[in-house]
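S.K.: Encoded as structure tokens, here's the structure I'll be asking about.
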Amino acid sequence: AVGADVVVEDASVSRQHAKVGVAGGEAFIADLGSHNGVRVNGEKVQGTRSLDGGDVVTLGNVTLVFHRGERPPPARRALEAEGVRARLSEELDRVRSYERAVSVLALEVEAAWVSPAELVQALHGALRLMDGVGQVGGTLV
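Just add 5 to the spot in the sequence shown (first one is 1) and you have the numbering used here.
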């Protein structure tokens, strides 16, 4: 696209798909009304969203990893039931649209040897930033 600093040559990426910039020392990304959307760590971007080092940015079928100076990863919590349903719906839409695979693991957590919060943090530590952990009742998804 005219005036673009970076051109991604893929049919799933619009000519003016997204804007990445820095304001006040913080990096951000904004969807410019693209047809296939922008996702960061699997979450759809609406408006502008900040970027952290290691964030996985998806533009259509193209996946990029945003890098910046060292910064500790943000604390991550488990999605609640509504967030789990919304996330699964988005993932299933992507599976149908782009013919990609999806994996879901459900763990029944009862009187565990570790607290659910500790287990969530351990799972997040082993997963990519775009992957998520949800909790519905006593089950981690």
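C-beta atoms are modelled at their ideal positions from N, C-alpha and C, and glycine is treated no differently.
If you're wondering where the values come from, they're calculated on a predicted model, not measured in any experiment.
Exposed or buried, which one is Thr-63 when buried takes at least 16 other CB atoms within 10 Å?
M.R.: In the sequence shown, the residue the question calls residue 63 occupies position 58. Burial call: buried.
S.K.: Could you tell me the distance, in whole angstroms, from the CA atom of Val-119 to the CA atom of Leu-112?
M.R.: Here residue 119 corresponds to residue number 114 of the sequence shown, with the count starting at 1. Here residue 112 corresponds to residue number 107 of the sequence shown, with the count starting at 1. The alpha-carbon atoms of Val-119 and Leu-112 are separated by roughly 13 Å.
S.K.: To the nearest angstrom, how far is it from the Cα of Val-61 to the Cα of Glu-104?
M.R.: By 1-based counting over the sequence shown, the position of residue 61 is 56. By 1-based counting over the sequence shown, the position of residue 104 is 99. Cα to Cα, the separation comes out at about 19 Å.
S.K.: Specify the secondary structure class of Arg-44 as computed by DSSP and reduced to three states.
M.R.: By 1-based counting over the sequence shown, the position of residue 44 is 39. If DSSP states are grouped into helix, strand and coil, Arg-44 belongs with the strands.
S.K.: For Val-67 versus Asp-15, is the C-beta distance shorter than 7 Å?
M.R.: Sequence index remark: in the sequence shown, residue 67 carries index 62 (1-based). Sequence index remark: in the sequence shown, residue 15 carries index 10 (1-based). A contact, by the Cβ cut-off of 7 Å.
S.K.: Would you call Ala-23 buried or exposed, if buried means 16 or more other Cβ atoms sit within 10 Å of its Cβ?
M.R.: Within the sequence shown, the letter at position 18 stands for residue 23. By the neighbour-count rule (16 or more Cβ atoms within 10 Å), Ala-23 is buried.
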